[in-house]
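Here's the structure we're looking at; comments come further down.
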Amino acid sequence: MSDERQDLFDPTHLPSGDSTIVAGDFNAHHPLWDADCDEADEVGERIATWLDSIGWTTLNDGRPTFTSYRSGGQTAPDAAFCSPSLARRTKWSIGPDLGSDHLPMLLEIRTGGAPPKMIRKTRWSFKKADWLAFQEECEAAFAEAGPEHESVQELATRFHQALEEASVRHIPRGARNRPRPWALDPELKEAVDARRAARRDLRSGDRSAKERWVEAKRRAASVERRVSQRQFREYVSTTLNKHQRLGRVHKTLKMWEGASDDQHRAAESMEDGDRTLVSDRDKANAFNRTYATVSKQVRDRKVDRDTKTRLKASNVKTCHECWGRKSGYCSPFSEEELTRQISQAQLKKSPGPDDLCNE
């Protein structure tokens, strides 16, 4: 069966700024980035033509980044490109085997100044807190008389400020990378090392080496699942089975799934004017300020007056029995009807709104 899919890939739509790096699995082959490629394919020719038109260069050094499960052949469908000025400050290399048929590409870029620091969430160390000093400072702050006629909001703000100042002075705070015990298991470490060694021994046309690599990959994946499940059962039956806060349980489960938010990455920062916001609190405050600005109501007295007039006219209450015609049950009663109703009224009853009894 022939492949009737239409290839619409056009590299001219990719960004091409001087500070841009284009990298990924293009599934394209060309001698520019694949040393074992003798003849470029159609997609590779498109990319090569695009690189020549914008004056860009290839960062790959020609080593293969992909190994086929079926044939064991090694190619380089993954590539990285950038401008010549950026290429002089960029180093391309291949990362360790992570269990995929593709090897990761590592790009190191030299920049001016100090290297960026890793920002990690800090936590209160309540076990090391000086609770006696904390209590004394809080009681002293609460004993101080505040301004007269303070509102509830002002009292709450002063209360929160006293707690925060005492916490900063008497409760240590820091950030420590939590270990992943399942990643340190000796059996798993041995299986991962064997998988990486088998990949390094791969040679084109060596079928036995390819089979050893595939078997090592399967064994490493199986060991990782088994070790993770065993460690998780032990953790749940011991540590997590004790009395724990719900927030801590949630963070632990996220960390186990590899979705921990302990580290703030550069892609998670937010720009607010000329400031770069990283913490969740700063981002929330910036959002609230922006929302308050765009949600303010612009008052126009003339428009408001006309709107109120139309609203009042549309809200006129109309009787659903006579629809404003004062007929039927809504028509005025006659003198005969009044006399008849008075004669039928019961005696010795409480007076009505006019303070008159039926007698």
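Counting from 0, one number per residue, gives the positions in the sequence shown under numbering that gives the first Met the number 0.
A virtual CB, placed ideally from N, CA and C, is assigned to each residue, including glycine.
These figures come from a predicted structure and were not determined experimentally.
Would you identify the three-state DSSP class for residue i, choosing helix, strand or coil?
i, result
"residue 124", "coil"
"residue 29", "coil"
"residue 149", "coil"
"residue 40", "coil"
"residue 286", "helix"
"residue 141", "helix"
"residue 305", "helix"
"residue 332", "coil"
"residue 158", "helix"
"residue 265", "Note on residue 265: pLDDT 46, under 50, position unreliable in the model; no value is reported."
"residue 64", "coil"
"residue 73", "strand"
"residue 9", "coil"
"residue 96", "coil"
"residue 271", "strand"
Within its chain, find whatever has a CB closer than 7 Å to the CB of residue i; leave out the 5 residues flanking it on each side and keep chain order.
i, result
"residue 271", "285"
"residue 86", "56, 58"
"residue 24", "76, 77, 101"
"residue 11", "49"
"residue 60", "91"
"residue 137", "161, 162, 165"
Locate the beta strand (DSSP E) running through residue i, then write down its first and last residues.
i, result
"residue 79", "77-81"
"residue 21", "20-24"
"residue 187", "Premise fails: residue 187 lies in the alpha helix (DSSP H), 185-199, not in any beta strand (DSSP E)."
"residue 90", "89-93"
"residue 170", "First-last for residue 170: undefined, no H or E at that position."
"residue 275", "274-276"
"residue 105", "104-108"
Using the Cβ count rule (16 or more neighbours within 10 Å means buried), how would you classify residue i?
i, result
"residue 356", "exposed"
"residue 8", "exposed"
"residue 224", "exposed"
"residue 14", "exposed"
"residue 229", "exposed"
"residue 350", "exposed"
"residue 212", "buried"
"residue 80", "buried"
"residue 152", "exposed"
"residue 31", "buried"
"residue 305", "exposed"
"residue 340", "exposed"
"residue 131", "exposed"
"residue 36", "buried"
"residue 66", "buried"
"residue 303", "exposed"
"residue 108", "exposed"
By Cβ distance below 8 Å, which residues in the same chain neighbour residue i in space, the five residues on each side in sequence not counted?
i, result
"residue 173", "121, 122, 124"
"residue 309", "none"
"residue 186", "222, 226"
"residue 276", "268, 269, 270, 282, 285"
"residue 192", "none"
"residue 54", "82, 83"
"residue 145", "153, 154, 157"
"residue 93", "62, 64, 102, 103, 104, 105"
Is there a Cβ of chain E sitting closer than 8 Å to that of residue i, yes or no?
i, result
"residue 103", "Within the model displayed, chain E is absent; a lone protein chain is all it includes."
Let's see if you can read the secondary structure: which residues bound the alpha helix (DSSP H) around residue i?
i, result
"residue 236", "206-236"
Which same chain residues, not among the five before or five after residue i, have their C-beta less than 6 Å away from its C-beta?
i, result
"residue 133", "165, 169"
"residue 218", "190"
"residue 198", "96, 212"
"residue 266", "Because the pLDDT of residue 266 is 49, which lies under 50, any placement of that residue in the model is unreliable, and the number read from its coordinates should be weighed accordingly. Nothing listed; no residue qualifies."
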